[in-house]
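Asker:
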Amino acid sequence: MQTVLFHSTIFGPIHSRRLGVSLGINLTPDDGKICSFDCLYCEAGFNAQGPGTTGFPSRERVARLLESRLKNMSAAGEPLDVITFSGNGEPTLHPDFAGVIDDTLRLRDLYYPSAKVSVLSNSTRLDRPEVCEALRKVDNNILKLDSAITPTMRLIDRPGSPAFTCEAVIPRLASFGADCIIQTMFLRGEHDGVKIDNTTPAEIDALIEAYRTIRPREVMIYSIDRKTPAEHLEKVSREELDRIAARIVAETGIPVQVA
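Going by my numbering, the letters in the sequence shown line up with residues 66 to 324, in that order.
1. Determine, using beta carbons only, whether I207 and V182 come nearer to each other than 7 angstroms.
2. Measuring alpha carbon to alpha carbon, tell me which of A233, T264 and E274 ends up nearest R303.
3. Is the separation between the beta-carbon of T249 and that of D211 shorter than 7 angstroms?
4. With I247 and E255 assumed to form a contact (beta carbons below 8 angstroms), what rounded beta-carbon distance in angstroms separates them?
5. List, from N- to C-terminal side, the beta strand (DSSP E) runs of 3 residues or more that fit wholly inside the stretch 236-286.
6. L172 to A267, Cα distance in whole Å?
7. Let's test the definition: count the other Cβ atoms within 10 Å of the Cβ of L175 and tell me whether it reaches 16, buried, or not, exposed.
8. Quick one: using the 10 Å Cβ neighbour count with 16 as the cut-off for buried, is I79 buried or exposed?
9. Just mark N137 as buried or exposed, buried being the case when its beta carbon has 16 or more other beta carbons within 10 Å.
10. Tell me whether the beta-carbon of F76 lies closer than 7 angstroms to the beta-carbon of N187.
11. Q322 bridges to which residues according to DSSP?
12. For N153, which of helix, strand or coil comes out of DSSP?
13. As a quick exercise: from G110, G89 and Y106, pick the residue whose alpha carbon is nearest that of I99.
14. Per DSSP, what are the beta-bridge partners of N205 in this structure?
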């Protein structure tokens with residue numbers, strides 16, 4: 066079984082396709098996975114592997130480990146473009162997510178004031194005012210929308226809550242407007258005999274309408290780059306992604322980054 070990617074709270078730096086030299090923060094367990102989605106394409110594997118034994122790292126532990134790494138990197142003259150919340154699950158599930166964000170911004174300002182702070186979130190916790198307030202503080206509030214058609218979204222992302230729909234989340238995304246970046250994964254294939262394709266004309270039409278409603282600062286589109294836990298998924302070519310991007314820009318005026 067494909068299992069978790071990150072076995073520490075602070076990881077990297079790595080070179081991100083979308084963000085540059087990135088120091089990662091994993092707010093979920095380092096020996097298991099906790100996520101409100103169970104995406105077919107998740108590089109950290111399916112949720113069925115279990116939550117592990119280490120639990121969420123405390124706010125104090127995250128701050129201590131992050132400061133140690135930033136201090137050492139700064140002393141060594143190492144470059145850093147971004148501090149990114151990612152890891153083995155959904156970062157906004159951390160019980161003290163807002164406090165961790167405040168600590169991270171303070172430490173960023175102290176050691177790497179030109180670096181950005183980014184959060185990669187699946188958008189499932191946007192019904193929590195404290196989460197939204199914290200996300201508004203970061204430089205890159207990157208929120209997921211893999212389809213604007215609920216049955217397709219639920220096939221790809223497999224949210225844990227039956228109440229999580231595109232009709233519910235798109236207005237919450239729109240409340241951020243230019244204070245967010247929307248990230249969309251494009252793929253094709255099948256899982257358990259069900260065909261999956263969010264690149265059809267109807268899917269692109271629906272996404273473009275959603276992007277118009279949300280009016281994000283930017284849209285990021287990408288496709289599969291590594292092994293996925295669902296074995297029968299197909300990567301969308303760069304050429305096709307470029308065509309999709311061109312259409313999004315032409316019809317919405319929103320900048321699109323293709324990775």
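Every residue, glycine too, gets a C-beta built ideally from N, C-alpha and C.
Answerer: Checking against the coordinates, here is how it stands:
1. Not closer than 7 angstroms, so no.
2. When A233, T264 and E274 are compared, the shortest CA-CA separation from R303 is found for T264.
3. yes
4. Contact flag wrong, Cβ pair sits at about 26 angstroms.
5. 246-256 and 259-262
6. The straight-line gap from Cα to Cα measures roughly 45 angstroms.
7. With fewer than 16 Cβ atoms within 10 Å of its Cβ, L175 is classed as exposed.
8. By the neighbour-count criterion, in which a residue is buried when 16 or more other Cβ atoms sit within 10 angstroms of its Cβ, I79 is exposed.
9. exposed
10. no
11. Paired residues: M285.
12. Coil at N153, not helix or strand.
13. G110
14. S183
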